[in-house]
Structures are given as C-alpha cells and as structure tokens.
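Number of protein chains: 2
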Amino acid sequence: TASASSADGIRRSSHIASGSNKMTGTPGSQDSEEAKASGCATLPHNPQTERLCNKTSICSRSYFLLVMVFFHVYLINVIALLFYVHYSSGQDDDSLSHDAPGTDHSRINSRGASSKVEYQRDFSLPRVEGIRVGHVQKVSLTPGKSHHMRTLSLKPLLFEIPEFLSEDECHVVMQLAQLKGLMESQLMIQEDHEELVKELNLSPEEIFNLLDINQDGQLQHTEVISAFRDGIWLTPDTLREIYAGLKADKNGDGLLSLEEFRLLSNDAFQRFLQQQGVKRSQLVRNSRHTWLYQGEGAHKVLQDIKERVIQLTRLPPAIVDLSEPLQVVRYEEGGHYHGHHDSGPVYPETACTHTRLAANTSTPFETSCRYITVLFYLNSVEGGGETAFPVADNRTYDEVCLIQNDVDLLDTRKNCDKSNLRVTPTKGTAVFWYNYLSDGKGWVGEQDEYALHGGCVVTHGTKWVANKWINIDPDYQRQARYQQLVSQPQDKNNEIKNQNVCN
Amino acid sequence: TASASSADGIRRSSHIASGSNKMTGTPGSQDSEEAKASGCATLPHNPQTERLCNKTSICSRSYFLLVMVFFHVYLINVIALLFYVHYSSGQDDDSLSHDAPGTDHSRINSRGASSKVEYQRDFSLPRVEGIRVGHVQKVSLTPGKSHHMRTLSLKPLLFEIPEFLSEDECHVVMQLAQLKGLMESQLMIQEDHEELVKELNLSPEEIFNLLDINQDGQLQHTEVISAFRDGIWLTPDTLREIYAGLKADKNGDGLLSLEEFRLLSNDAFQRFLQQQGVKRSQLVRNSRHTWLYQGEGAHKVLQDIKERVIQLTRLPPAIVDLSEPLQVVRYEEGGHYHGHHDSGPVYPETACTHTRLAANTSTPFETSCRYITVLFYLNSVEGGGETAFPVADNRTYDEVCLIQNDVDLLDTRKNCDKSNLRVTPTKGTAVFWYNYLSDGKGWVGEQDEYALHGGCVVTHGTKWVANKWINIDPDYQRQARYQQLVSQPQDKNNEIKNQNVCN
Numbered sequence: 001t002a003s004a005s006s007a008d009g010i011r012r013s014s015h016i017a018s019g020s021n022k023m024t025g026t027p028g029s030q031d032s033e034e035a036k037a038s039g040c041a042t043l044p045h046n047p048q049t050e051r052l053c054n055k056t057s058i059c060s061r062s063y064f065l066l067v068m069v070f071f072h073v074y075l076i077n078v079i080a081l082l083f084y085v086h087y088s089s090g091q092d093d094d095s096l097s098h099d100a101p102g103t104d105h106s107r108i109n110s111r112g113a114s115s116k117v118e119y120q121r122d123f124s125l126p127r128v129e130g131i132r133v134g135h136v137q138k139v140s141l142t143p144g145k146s147h148h149m150r151t152l153s154l155k156p157l158l159f160e161i162p163e164f165l166s167e168d169e170c171h172v173v174m175q176l177a178q179l180k181g182l183m184e185s186q187l188m189i190q191e192d193h194e195e196l197v198k199e200l201n202l203s204p205e206e207i208f209n210l211l212d213i214n215q216d217g218q219l220q221h222t223e224v225i226s227a228f229r230d231g232i233w234l235t236p237d238t239l240r241e242i243y244a245g246l247k248a249d250k251n252g253d254g255l256l257s258l259e260e261f262r263l264l265s266n267d268a269f270q271r272f273l274q275q276q277g278v279k280r281s282q283l284v285r286n287s288r289h290t291w292l293y294q295g296e297g298a299h300k301v302l303q304d305i306k307e308r309v310i311q312l313t314r315l316p317p318a319i320v321d322l323s324e325p326l327q328v329v330r331y332e333e334g335g336h337y338h339g340h341h342d343s344g345p346v347y348p349e350t351a352c353t354h355t356r357l358a359a360n361t362s363t364p365f366e367t368s369c370r371y372i373t374v375l376f377y378l379n380s381v382e383g384g385g386e387t388a389f390p391v392a393d394n395r396t397y398d399e400v401c402l403i404q405n406d407v408d409l410l411d412t413r414k415n416c417d418k419s420n421l422r423v424t425p426t427k428g429t430a431v432f433w434y435n436y437l438s439d440g441k442g443w444v445g446e447q448d449e450y451a452l453h454g455g456c457v458v459t460h461g462t463k464w465v466a467n468k469w470i471n472i473d474p475d476y477q478r479q480a481r482y483q484q485l486v487s488q489p490q491d492k493n494n495e496i497k498n499q500n501v502c503n
Numbered sequence: 001t002a003s004a005s006s007a008d009g010i011r012r013s014s015h016i017a018s019g020s021n022k023m024t025g026t027p028g029s030q031d032s033e034e035a036k037a038s039g040c041a042t043l044p045h046n047p048q049t050e051r052l053c054n055k056t057s058i059c060s061r062s063y064f065l066l067v068m069v070f071f072h073v074y075l076i077n078v079i080a081l082l083f084y085v086h087y088s089s090g091q092d093d094d095s096l097s098h099d100a101p102g103t104d105h106s107r108i109n110s111r112g113a114s115s116k117v118e119y120q121r122d123f124s125l126p127r128v129e130g131i132r133v134g135h136v137q138k139v140s141l142t143p144g145k146s147h148h149m150r151t152l153s154l155k156p157l158l159f160e161i162p163e164f165l166s167e168d169e170c171h172v173v174m175q176l177a178q179l180k181g182l183m184e185s186q187l188m189i190q191e192d193h194e195e196l197v198k199e200l201n202l203s204p205e206e207i208f209n210l211l212d213i214n215q216d217g218q219l220q221h222t223e224v225i226s227a228f229r230d231g232i233w234l235t236p237d238t239l240r241e242i243y244a245g246l247k248a249d250k251n252g253d254g255l256l257s258l259e260e261f262r263l264l265s266n267d268a269f270q271r272f273l274q275q276q277g278v279k280r281s282q283l284v285r286n287s288r289h290t291w292l293y294q295g296e297g298a299h300k301v302l303q304d305i306k307e308r309v310i311q312l313t314r315l316p317p318a319i320v321d322l323s324e325p326l327q328v329v330r331y332e333e334g335g336h337y338h339g340h341h342d343s344g345p346v347y348p349e350t351a352c353t354h355t356r357l358a359a360n361t362s363t364p365f366e367t368s369c370r371y372i373t374v375l376f377y378l379n380s381v382e383g384g385g386e387t388a389f390p391v392a393d394n395r396t397y398d399e400v401c402l403i404q405n406d407v408d409l410l411d412t413r414k415n416c417d418k419s420n421l422r423v424t425p426t427k428g429t430a431v432f433w434y435n436y437l438s439d440g441k442g443w444v445g446e447q448d449e450y451a452l453h454g455g456c457v458v459t460h461g462t463k464w465v466a467n468k469w470i471n472i473d474p475d476y477q478r479q480a481r482y483q484q485l486v487s488q489p490q491d492k493n494n495e496i497k498n499q500n501v502c503n
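See the structure below:
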C-alpha cells in the first residue's frame, strides 16, 4: 500500500502540472475555435480570411491597427509579468540585492508622507549557511578569482576567508589610516557611568540589590567586578587593593555587605584607581583607531573592499553603503581589547544609533545595531594579538560563569588560552560573524550572546586590523524609514533633513 | 561621500523599479493614444465611439467577438503566468512540496531511458530554521489549529511539538500495532558480525591494529568495548568477567596485548556471553516493534499523521510517501535502547537501502539514509524512558571520549543523567531531528554525529513510541532515479520492476 499511496501523491502533482499546462497551452486553440464560431479568423492576411470577412469589412486599416494595439498591449503585459517573476523569485538571484528596504518604491505601501508610512517587506535578509565547523565553501568575491570560506563556529556564525585582501591593499589601508591620524580608542576618564547612575535616580539599597545577583545579601568579587568595569578593567587583584585602600571591607571577609556598600560613593572605585594613576594596560581597550569613508570619491582600494563585503555577505548594497565607515585599529606591543560585544541586545525601547534620526523617539537606551562584523587582519602579528571567542559553540551561555573563582574569561591579557576559539592574525585574512540571530522570518532577530570576543594582548610587534560593521535595525520599519529618508531626491533631501533635525 | 554613494545605489534600483512601472503602468495610456490616432476607441459601447466608428463598421458583432476573444486570451495568459509565479517562487510556499525530484517531468532533463539519464536539480530541500535553543515558532499542521514548535538543540537540529497527536490518535496507533503483533527488536544471536569479519579477510594482527586506536600496542577496555558491542552490550564490568572466564588477560593488567589477543577467536566474547546465558537487559536494544503502512487504504489516523509530517518537514510529499512505514515500538519495564545513530555516514561507495534497487551497484556498505527522524510519544511513561541525546550541542564530537574511565555515555541503563539533553515522554508530543547536515547546496550532506541518541531504561510502566523516518539519498542522482522508477505509469511499472529484480 505504501507504493500505491506514493503513486497517488505523484498523480496529484502531475495533475496540477497538467492543469497549469492547460492554462498556457490551450488558449490558442480555444481562440481559433471561438473565432471559427463567429465566422472570422484572427489573422488578417490569410487569403481565406479575407474572403470570409468581405461582408463586415473588419479587415480595414483601422481594424488592423486595433489588432496590433491589442497585440502590443498583450506583449507588454507578458513582459511586465516576466519582469515581476524575475525580480520577486529566487533567493540565489543576485538581483535580490537591489531589493533593499526603502529603495524599491513599488514594494512600499506608502499610506502617508509622514512617520505614519508603513513598509511592507517581501524580502529576506540573506544569511550565509555554516553547515558545520570546518566546512569549506567556495565564494566568488572578485571576477576571475575564487576564495575559500571556512566555518569557524556556528555560535556565533563565524567564517574565515584567507587572502581576502592582497598585501598591497593591506599596505594602502594602513597608510591611509596613518595619513588621517589615529586617536586613542579610550580615554582615561569616563564620565557616562556617573551620569547614567544620576539619571536613573536609584538609592544605594536599590543598586546593591541589583548587583547582588545570587541575592545572598553580600557582594562577592565577581558581582562587583563586572558591574564596575567602566573604563578601567577590574580584576580580583585590583579589587583587593581597592578594598584595602578605601578600607571598604571592614570585617575583611572579602565580601561587601549593604552597610559596607552604603559608605561608598558611586564612583569611589574608579576615582581611587585614577588617583593611584592608571596605566594604559589597565583600560578595557588599549589601542588607537581612525575611520575611513568608503563612499564615492574614496580611494579605490576602500571602495573595492566595500564591494567585496557586499559580495561576501550577499546583503543589499544600500544597507552596506549606509553602514559605518571602515575602522582601522592599531595595537602597540602590550595592546589588547578585553572581551566585549560589538553590539548590544535590542529591546523595543532600544534605539539603533544609525536609524536614530528616522526613529523620531527619545530613549536613554541605544546600541549600534551591528548585524555583521567583518574583521580584516592587515598584518601578521609577531606575537599574540589573536582574536578570542571565549564561549564560541559553548553548549550554554551564562554571563555569571564568565568570571569564576579567579578565572575571568573576558580578560584577554590573562586568559586567552582558556577561550574556546582563537583566530591568529594573518595578513590579508578576513573573518566575519553575525552579532544577531535571525528572527526566523527573514530579518534580524535577537542578539547572539556567543559573539562575545576580544583582542588578546600583543606580546611582540604591532597589530593592525580593520573593522567593517554592517548596521541593520532589528525593527524593519525603522530601517526602511531610515533608508527611505536618506534616499530622497537631492533637492528634497535638505528640507526633510532639516525637518527631522528640528523635531 | 558615504551617503552620496548610497544614494547612487538607491537611484540605481529605483531606476529598475520605474522601468518595470513603465511596463505595467503605461500600456493603458499608450493604447488609447494609438487608438485615437487610428480614429478608433477600444470600448465598443461608448456612444462617442459608435459615432466615430460608423464608417468602418468595426463595431459589428464579429468585431466585438474578436475583441472578446483577445480579451479572454489575454486574461488566460495572465492567469497562467500568475500560476507560474505561484508555483515557482517562495521557499515558504507549501506548493513547493510538489517539486519532488522525479515527479515533475518538466524539471528533469532526460537524456535517455536507461541508467544514463541525468537529472538536473533546481530545487532545494527545505530545512526548518532552529534560530537558537528555546526558540518557539508557530506551525500550521492541521487546518484551524496551530502548534508550537520549540528548538531543543541546534546540533542536532532538534524540535519538540507538543500535542502533535491527539489522545485518540495515540490510542488508535497503539491498538493497530497490537493487532498486527509486535516482534522482538533484536534477536539474541547476531551472525552478521562474524560473516563480515570473514568477508573482509583480515588477520588477527590487522584487527588488533585497527582496534588499538591510541596505537600503544595494547587494547584498553574502551578500545575493546565499542568494537565488540555486536548485539550484546559490553560494559567494563562484563568485560572483566569475560577476561576472567576466558583467561584472556594472562598477566592480569586489564589490557590485552597482541599475544593475548591472538589466542582469542573473532567471536569469543559474544560466544562466551551466550554460553553464560544472555539476559534481555544485556542487549543493545530491549524492545518489541512492528511496522504500519501509511499509504492508500491505510487507517485514516495513519494517513493523517503522514500528512502532518509532510506539513511539519515541508518536504515534497513524494519523498515522505516513499519512505519507510511507521514503526511502533513498545518498551516494557526495564526496556531500553542504548546510544546509537538512526542512520550512518554516507561515502561514495555507501548504498542507501531505499534506493538500492535503482542504484544498480553492489557494495558491502549500506545504510538506511534516514534524513529525518520524527519520534512520537504515544503515552506518558510512569518512570524513566526519556530520549537522551548525550552530546547534543556539545562544542566538539569525539567518539573516543564517549567512553571514558568507567563512564560510558552510550549506556542508557546507567548514564542517562550525564546526557546533555533528555526529552521526557509526554503523550501526543512529537520530536523531530535531522540525522544529516545540509550540503550547503540545498541537498542532503554529511551525517550529523551529534544526532546520537538512545532510549533510557523504563523504570516504571510501559513506554510506547512511534518512529517516522524520512529516507533521502545524499546522492541526488540516485534519489531522482529511484523516484523516477517508482513513478512510472502503472502499466509499465511491473515490467520495469521485473527488469530490475532480474538484473
């Protein structure tokens, strides 16, 4: 009975096929049959037809013109439909890349001219398949050359492409960055934290309660460390020094009780460290960087890199064009960047930096919404400088477990060897990963916590890298509105920009 | 310059949009303009038109008929094209399931009638997206009801769907199985191993060398256990008993040297255990099962389940129809199924059981090519009976590490609590997973080793489950040839079947 049933299944589908054949195949014959019934044929130049049509003189010049008009209308409609098929079907079709939200007016259901416009999405963001760790796929990034892309991890979805940049290209990017000048990636004093605490208006009891993750009424080292790592990197050792210096831990049990905590001001730790004198090696980020624009008029190498990133990620060019410029970073010997996320979680009340202009809302929460990070190694480092992914492909992610006992997986000066995955910098190699998951409906979803990474300390020589971040708002409406806004014709552009800036 | 370049990108795509607008939007006006030029309008019932047309009498009955014929031809063509769009685009489209290889003749490039036919594939096997562990997506399996599908793991890609079967359906399936009668899933004596060893014609030295994974010249317990688990389940304890009974380990160091190994016959271990008397609990699999066909004429509940599996997996109905029947399994108290893969790795020389007929080759290596396992819990078990996935979402897979010291992760009588993931049987719930990865080109790829699983020992009551395996050959040509073969018109079917059986 199993084979009988399958035959049925096949019969059913072939029935549909013949059904659609009927649609395309029979009109011709139907046509001529109806034409015969009315005593008239459709082709005016058939001699027999001419004889038949003598009485009604429908073979006149105007009749012929009319037939031709119909014929042309018909042809144009068929062509239009074929265009529609071409531009609406097939994921693999390169033409999809033109379907950036907000660029194709025929797809946008504009209900008004203001912020009430609602955008319909019949487009899926492509996402490269990882298959399994170690899987290698060929990709075509430049005409006449193919690259090999290897899957390094699935959580985050992370790939490595050797020889993405040529030696010359690496050289040009480093020179352009030096020409522009690099600035400190992080200043010694950060004032945002203090201000944010004031703005939130929390009592010491409330702050204590939030910090006390395991709710045992005491603050362990790990509970204090991650909370007060604002600019200056805390370790269990420095924390012990601070407690001793501030006489914070009265009973000397290594824990802070609410009473002990109440005696400290919000910025006591950071202020104490600054008074002691902070070394660059104590910062979260110890590097210098600059930004290089990649748009029209930019150096050919920079534009080429952008084009290759579009090919690599298969994203609509408009999205890549509207993303952050290329960031070039230099780490001197001793440089590092402790474990971090390139982009944070996005809740409904979180704004994206790049679409903020179009979002028309004010919220204290903002993140950069970097959907993808493409990291280029511009040189091979003599010693150290690996990119570490501490929890890549871990079975579970638990923020609390990142700092256990005296092992802090985020510390790239000490514990890179304990990371699940380390990429060694090789000149010209690119790695790229997704900082967000898919939402399962073809758009950007939740933050991928496994994308946590850092730059291990450079033990010998200098390390040069570049970052290309691709910014996409997980809120499709905001992304579409933003792209619509920046794609206004040049003459209207200024008006609209002014309107929004003044709001 | 970045925004200027992006504007350029948008201008380019909007140019295409306006181009296609021209196609669909302007024919109407072009039409009437041309019509005016020829002194004739297209609508015969407009009074003004009638006046204009008096001279040429193109408003006669036959002319009207002709216009209507054109209009109908045009309409039919538009409908046909829309059908084409509907049936050829969109992954999420249910109609895709009709595009089974070998069922749609228009997609197959048949170059001959024999085995030299080559099938072109412009169809991708759908694969459900997991997103992340815990992700819940709504699925529509039966009209008027929606189910929730939760991602349980990504390696393997594993989902759980509560209430997939109703209580009544579970009841019917169990009764149908009992009516048909269940047989022992595994006999006490297995003879395949002995025969395979003879066929391969290996010397004791060669076998010793293959077993000695770490190449230290000695066989550790773990090296012996996994190799000789043929029917009867070996544990470190039973191995010690065997060594003692056979006096195999002369020097009593717990290891087998080549000299000690040479003195043993190939089936010495299994024969010793059989002489001692084997208990059911010592078998790899301790259950009874039967097979229920789901094709035409089968019980409505069985056909309904098949239809729901098609909806769930989004696979072409022909593939599901041509897969194995439904397997119903009963575990009594004390029943278990130790860790195993439902389907093995597929190398070029490996045949798939289901396409073997069409493969026209002979090879000693064969596997069942079960792309997907759908497992239904027909009752809630009083105690035990979980489905365990020992290495689900592990960062790495290492077969050797499955048995370490005295902990054997494959032993579902002892170590289910050490599995990464356990699913508790709940009446009506279905779980399904992929035993193979994607090949990255829209077809079946390599075996997913993380799909290793087993049935934990039932501590209280009876456990009833059903398995639906979906068989797909990772070799697309073989799968297409097989489907082509079984989809031959009924009258030719017997001839071809006979031909192949006689080959």
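From first to last, the protein sequence lines are chains A and B.
In case it helps, UniProt numbering puts the first sequence at residues 1 to 503.
In case it helps, UniProt numbering puts the second sequence at residues 1 to 503.
By construction, the Cβ of each residue, glycine as well, lies at the ideal position given by its N, Cα and C atoms.
- For the pair B:L152 and A:E241, the Cα-to-Cα distance works out to about 45 angstroms.
- Proximity of A:S146 to chain B, defined by a Cβ-Cβ separation below 8 angstroms, is not satisfied.
- With its beta carbon at least 8 angstroms from every one in chain A, B:D230 lies outside the interface.
- By the criterion of a C-beta distance shorter than 6 angstroms, A:E223 is surrounded in its chain by L211 and I213, once the five residues flanking it on both sides are discounted.
- Straight through space, the alpha carbons of A:S166 and A:L179 are spaced by roughly 20 angstroms.
- In this structure, the straight-line span from the alpha carbon of A:A451 to that of B:H336 is close to 39 angstroms.
- Around the beta-carbon of B:P143, fewer than 16 other beta-carbon atoms lie within 10 Å, marking it exposed.
- DSSP places B:T313 within a helical segment (H, G or I) once states are collapsed to three.
- Annotation: the continuous alpha helix (DSSP H) that includes B:S226 extends over H221 to A227.
- DSSP lists A:L326 as the bridge partner or partners of A:L292.
- As a beta-bridge residue in DSSP terms, B:N471 pairs with B:R370.
- Contact between the stretch 226-242 of chain A and the stretch 263-281 of chain A is present, with at least three C-beta pairs closer than 8 angstroms.
- For A:L452, the secondary structure class from DSSP, reduced to helix, strand or coil, is coil.
- Taking 7 angstroms as the cut-off between beta carbons, the residues of the stretch 65-76 of chain A near chain B are L65, L66, V69, F70, V73, Y74 and I76, in sequence order.
- Taking A:A177 as the centre and dropping the five residues before and after it, the same chain places the C-beta of T290, L292 and V328 closer than 7 angstroms to its C-beta, in chain order.
- Taking the beta carbon of B:Q404 as reference, no residue of chain A falls within 9 angstroms; the closest one sits roughly 17 angstroms away.
- In this structure, DSSP gives B:F70 a helical state, which the three-state scheme calls helix.
- Relative to the Cα of A:K463, the nearest Cα in the group A:E296, A:G334 and A:L239 belongs to A:G334.
- Looking only at A:A480, A:E446 and A:R413, the smallest Cα-Cα distance to A:H453 is reached by A:R413.
- Distance from the CA of B:L375 to the CA of B:V423, rounded to the nearest whole angstrom, comes to 11 angstroms.
- Annotated three-state conformation of B:D408 is strand, per DSSP.
- Counted as a single uninterrupted DSSP element, the stretch harbouring B:H299 is not any beta strand (DSSP E), since DSSP gives it neither H nor E.
- Under the Cβ distance rule, B:S438 counts among the residues neighbouring chain A, one pair being separated by less than 8 angstroms.
- The way I'd put it, the stretch 375-390 of chain A does touch the stretch 418-433 of chain A; three or more beta-carbon pairs between them come closer than 8 angstroms.
- Rounded to the nearest angstrom, the gap between the Cα atoms of A:Y377 and A:F71 is 60 angstroms.
- Looking only at B:E449, B:S362, B:I131 and B:C352, the smallest Cα-Cα distance to B:R395 is reached by B:E449.
- Across the set B:H460, B:Q282, B:F261 and B:R61, the C-alpha of B:Q282 shows the shortest separation from the C-alpha of B:P236.
- Around B:M183, the same chain offers R288, H289 and T290 as residues with beta carbons nearer than 8 angstroms, after the five sequence neighbours per side are excluded.
- DSSP places B:H171 within a helical segment (H, G or I) once states are collapsed to three.
- Taking 8 angstroms as the upper bound for CB-CB distance, A:G217 and A:L256 are not in contact here, some 10 angstroms apart.
- For A:G445, a Cβ of chain B is located within less than 8 angstroms of the residue's own Cβ.
- Residues of the same chain with their beta carbon placed closer than 7 angstroms to that of B:Q215 are lacking, with the five preceding and five following residues left out of the count.
- Using a 10 angstroms sphere on the CB of B:M68, the tally of other CB atoms stays under 16, which defines it as exposed.
- From the beta-carbon of B:L154, the residues of chain A found nearer than 7 angstroms are L154.
- Pairwise C-beta distances place the stretch 349-356 of chain A out of contact with the stretch 400-417 of chain A, as fewer than three of them are shorter than 8 angstroms.
- Within the same chain, Cβ atoms closer than 7 angstroms to the Cβ of B:Q220 are found at L255, the five residues on either side in sequence being excluded.
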